[in-house]
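Note sheet for the following structure.
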Amino acid sequence: MYSRSGEGHAEAVLARLSGLLDELHRLELSCLTDDDVLELLRGLGSQHNRLASIDHRLVAELESRGIAREHACRDTATLLHQLLRITPHHATARVRAAADLGPRRGLTGQALPPIFGAVAAAQASGAISPAHARVITATIDKLPAAVHTEHEQSVQDFLVDQAHTLDPRQLAQLAHRLRDTLDPDGTLASEKDRHRHRDLRIRHRPDGSAQLEGELTAICAEALTTVLDTVGKPAPAEEGTKDPRTAGQRNHDALHDAMMLLLRSNLLPDCNGIAATILITITEEQFQTRTGLARTGHGAHITTELALSLLGDARVMPVVLGKTREITAYGTTHRIFTEGQRLAMIARDQGCSFPACDQPPSRCQSHHITDYTITRRTSVDDGALLCGYHHREHPKLGWTCHMTNGTPHWTPPHWIDPTETPQRNRTQDQLPV
């Protein structure tokens with residue numbers, strides 16, 4: 004027998020738990036009555052809920068001991084991610100849940116109850132699930148300060164009671180109505196409340212794309228809206244036609260262009276001694292064949308075709324690797340237009356060179372008219388300015404570019420102009436250099 008606090012007790016408890024789970028795995032379900040199956044399912048659900056409260060205790064213990072630092076991890080979430088092979092998002096959520104529902108200690112080491120005691124007790128009993136708990140804690144966190152002090156405990160008790168009969172979605176709907184009841188005009192939230200709830204998360208997908216989630220303060224929302232309105236105005240696909248993008252697609256492209264403008268502005272601080280730069284890694288074979296996937300500095304994989312289309316930008320750094328991952332080429336010596344070349348193209352093109360586009364030079368990227376993999380050179384007599392939209396979309400739209408008398412001309416596809424007469428953008432002619 005092990006004592007409760009003796010060495011090896013945790014291992015013995017886990018062994019008994021493992022043995023019970025083995026028994027459940029061996030249980031012949033076909034011999035059970037319908038009522039037995041339902042009761043087993045209900046009981047397992049309750050025990051599953053209880054396991055979450057044990058997890059809260061364990062994670063809280065990790066935090067209080069600083070075990071993550073002893074294992075060379077930045078924080079407890081990183082330790083959970085590495086130890087349990089769970090996603091960083093899931094690991095962070097477990098640390099946050101432990102902070103809300105796990106045991107705490109005061110400055111002098113005295114034991115303190117969980118922040119949300121009623122929720123923690125209900126979960127420890129198996130009565131509510133982790134999803135129920137998240138709804139309740141999030142609801143209370145979002146209460147305005149003017150309401151929180153007076154109603155926090157009563158709201159917690161009420162929602163815990165309702166969680167015994169409602170699923171998490173229904174509970175969230177009830178919680179929303181409850182917040183509306185406590186603050187019917189939405190006027191009780193103070194500037195401090197809105198500042199406290201500010202949040203922005205980028206949820207990366209395996210393919211490199213991402214989903215944005217967050218809560219913006221009024222000023223941040225106003226600044227973003229102003230940028231999107233300014234940069235994201237409709238751009239003609241060709242002269243006389245409407246922009247085919249939806250409003251949401253225009254907003255996305257505007258955010259993309261604004262970020263590239265910011266990167267090119269040199270206003271961002273250095274990151275570990277390096278100017279803010281998008282890093283693109285590509286193999287020599289991919290560079291030659293234009294096939295396969297390149298890798299960004301943050302681990303996203305993009306098509307080689309897309310990667311090569313980015314490399315004329317002064318804030319994108321290409322690194323080409325050989326078969327043994329040796330560096331065979333990198334940076335400005337191979338593909339990027341120099342500042343002097345870009346200034347020369349600004350003087351010549353005065354903005355986006357695509358017909359009928361009025362985007363100024365500050366919103367344009369440098370474009371290789373003949374693909375660099377063919378010419379192996381970067382020069383103003385084979386380059387043109389293009390706004391972000393036309394840089395991305397002109398191949399899909401069917402337009403091609405070539406130089407005539409030292410200026411970029413664009414040939415429309417046959418379905419637009421059967422004569423395929425080259426066009427020069429004259430919109431910029433009256434603009435000051």
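For the working numbering, add 3 to where a residue sits in the sequence shown, where the first one is 1. Glycine included, each C-beta is placed from N, C-alpha and C at the ideal position.
Practice item. Enumerate, from N- to C-terminal direction, the unbroken beta strand (DSSP E) stretches of 3 or more residues contained entirely within the region 148-213. Key: List check, beta strand (DSSP E) in window: 202-207.
Point to revise | Reduced DSSP secondary structure (H/G/I, E/B, other) of H28 | key: Taking the first residue of the sequence shown as position 1, residue 28 is located at position 25. Residue state, collapsed to three classes: helix.
Review point. Below 8 Å, can you find three or more Cβ-Cβ pairs linking the region 28-36 to the region 63-77?
Key: no
Practice item. Could you give the DSSP three-state label for C34: helix, strand or coil? Key: What you label residue 34 is simply residue 31 of the sequence shown in a count that begins at 1. Residue state, collapsed to three classes: helix.
Practice item. Would you grab the beta carbon distance between D384 and M348 for me? Rounded to a whole angstrom, and I think it's under 8 Å. Key: The residue labelled residue 384 in the question sits at position 381 within the sequence shown. The residue labelled residue 348 in the question sits at position 345 within the sequence shown. Contact flag wrong, Cβ pair sits at about 10 Å.
Check your understanding: According to DSSP, which residues form a beta bridge with W413?
Key -> Position 410 of the sequence shown, counted from the first residue, corresponds to residue 413. Per DSSP, C404 and Q426.
Exercise for review: Would you kindly check if the distance between the Cβ of L162 and the Cβ of L181 is under 9 Å?
Suggested key: By 1-based counting over the sequence shown, the position of residue 181 is 178. By 1-based counting over the sequence shown, the position of residue 162 is 159. Cβ atoms of L181 and L162: closer than 9 Å.
Practice item. Below 6 Å CB to CB, which residues in the same chain sit around H337 once its five sequence neighbours on both sides are set aside? Key: For the purposes of this step, residue 337 is taken as the residue at position 334 of the sequence shown. Reliability of the predicted coordinates at H337 is poor, the pLDDT of 44 falling under 50, and the value obtained from them is presented with this limitation in mind. So no residue of the chain qualifies.
Check your understanding: Would DSSP call L44 helix, strand or coil?
Key -> As a working mapping, residue 44 is identified with position 41 in the sequence shown. Note: L44 maps to helix in three-state DSSP.
Point to revise | I281 - DSSP class collapsed to helix/strand/coil | key: Sequence index remark: in the sequence shown, residue 281 carries index 278 (1-based). It is a strand residue.
Check your understanding: With respect to the alpha helix (DSSP H) encompassing R351, which residues constitute its N-terminal and C-terminal limits?
Key -> Your numbering for residue 351 matches position 348 in the sequence shown. From DSSP, the alpha helix (DSSP H) with R351 extends over E342 to D352.
**Study point:** H337 - DSSP class collapsed to helix/strand/coil
**Key:** Within the sequence shown, residue 337 is the residue found at index 334, counting from 1. Any answer about H337 is weak, because its pLDDT of 44 lies below 50 and its placement is not dependable; what the coordinates show is given next. Three-state DSSP puts H337 in coil, outside helix and strand.
Review point. For P209, which residues from the same chain have a beta carbon less than 7 Å from its beta carbon, with the 5 sequence-adjacent residues on both sides left out?
Key: Position 206 of the sequence shown, counted from the first residue, corresponds to residue 209. Excluding positions up to five away in sequence, the list is empty.
Check your understanding: Alpha carbon to alpha carbon, what distance is there between H151 and L185?
Key -> The sequence position of residue 185 within the sequence shown is 182, counting from 1. The sequence position of residue 151 within the sequence shown is 148, counting from 1. Going by the C-alpha atoms only, they are around 10 Å apart.
Check your understanding: Which whole-angstrom value is the C-beta distance of A303 and T284, which I expect to be below 8 Å?
Key -> Position 300 of the sequence shown, counting from 1, holds the residue named residue 303. Position 281 of the sequence shown, counting from 1, holds the residue named residue 284. That belief does not hold up - the Cβ atoms of A303 and T284 are roughly 11 Å apart, past 8 Å.
Check your understanding: Comparing the C-beta of R379 with each C-beta of chain C, is any distance below 9 Å?
Key -> No chain C appears in this structure, which consists of one protein chain only.
Point to revise | Range covered by the beta strand (DSSP E) that runs through I222 | key: In the sequence shown, the residue the question calls residue 222 occupies position 219. Segment A221 to V234 is the alpha helix (DSSP H) holding I222; no beta strand (DSSP E) there.
Check your understanding: How should A101 be labelled, buried or exposed, when 16 other C-beta atoms within 10 angstroms of its C-beta is the threshold for buried?
Key -> As a position in the sequence shown, residue 101 is number 98, starting the count at 1. It counts as buried.
Practice item. Would you kindly report the start and end of the unbroken beta strand (DSSP E) that includes G386? Key: Looking up residue 386 in the sequence shown gives position 383. G386 to C390 is the span of the beta strand (DSSP E), which, as asked, contains G386.
**Study point:** Alpha-carbon spacing of E14 relative to A121, whole angstroms
**Key:** Position 11 of the sequence shown, counting from 1, holds the residue named residue 14. Position 118 of the sequence shown, counting from 1, holds the residue named residue 121. Rounded to the nearest angstrom, the two C-alpha atoms are 30 Å apart.
Review point. Which partner residues of A114 appear in the DSSP bridge assignment?
Key: Taking the sequence shown and counting its residues from 1, the one referred to as residue 114 is at position 111. A114 is bridged to R108.
Check your understanding: Taking the continuous alpha helix (DSSP H) assigned at H259, which residues delimit it?
Key -> Residue mapping note: residue 259 aligns to position 256 of the sequence shown, counting from 1. Where H259 is concerned, the enclosing alpha helix (DSSP H) stretches over A250 to R267.
**Study point:** In DSSP terms, what E3 is bridged to
**Key:** Given that the chain is displayed from residue 4 to residue 436, the structure contains no residue 3 and the question cannot be resolved.
Exercise for review: Per DSSP, which residues does R298 bridge with? Please list them.
Suggested key: Within the sequence shown, numbered from 1, the residue matching residue 298 stands at position 295. DSSP lists T284 and H304 as partners of R298.
**Study point:** Segment contact flag, the region 122-141 with the region 162-174, C-beta cutoff 8 Å, min 3 pairs
**Key:** yes
**Study point:** Simplified DSSP state of S369, which is helix, strand or coil
**Key:** Counting from 1 along the sequence shown, the entry for residue 369 is found at position 366. The answer is strand: DSSP assigns S369 an E or B state.
Practice item. Give a yes or no on contact between the region 285-296 and the region 255-275, applying the rule of three or more CB pairs nearer than 8 Å. Key: no
Exercise for review: For H207, collect the residues of the same chain with a Cβ closer than 6 Å to its Cβ; drop the 5 residues on either side in sequence, then sort them by chain order.
Suggested key: Taking the sequence shown and counting its residues from 1, one reaches residue 207 at position 204. Within the same chain, H207 has close Cβ partners A213.
**Study point:** According to DSSP, residues forming a beta bridge with V319
**Key:** One-based indexing of the sequence shown puts residue 319 at position 316. Per DSSP, I281.
Review point. How is N275 classed by DSSP in three states: helix, strand or coil?
Key: Along the sequence shown, read from residue 1 onward, the residue named residue 275 stands at position 272. No answer about N275 holds up, because its pLDDT of 46 lies below 50 and its placement is not dependable.
Point to revise | L82 - DSSP class collapsed to helix/strand/coil | key: As a working mapping, residue 82 is identified with position 79 in the sequence shown. In this structure, L82 counts as helix in the three-state DSSP scheme.
Check your understanding: Using DSSP with H/G/I as helix, E/B as strand and the rest coil, what is N245?
Key -> One-based indexing of the sequence shown puts residue 245 at position 242. Checking the sequence, you will find Lys at residue 245 rather than Asn. Coil.
Check your understanding: Based on Cα-Cα distance, which residue from D196, L215 and S67 lies nearest to R205?
Key -> Position 202 of the sequence shown holds residue 205. Contrary to the premise, residue 205 reads as Ile rather than Arg in this sequence. Ranking the options by Cα distance to I205, first place goes to L215.
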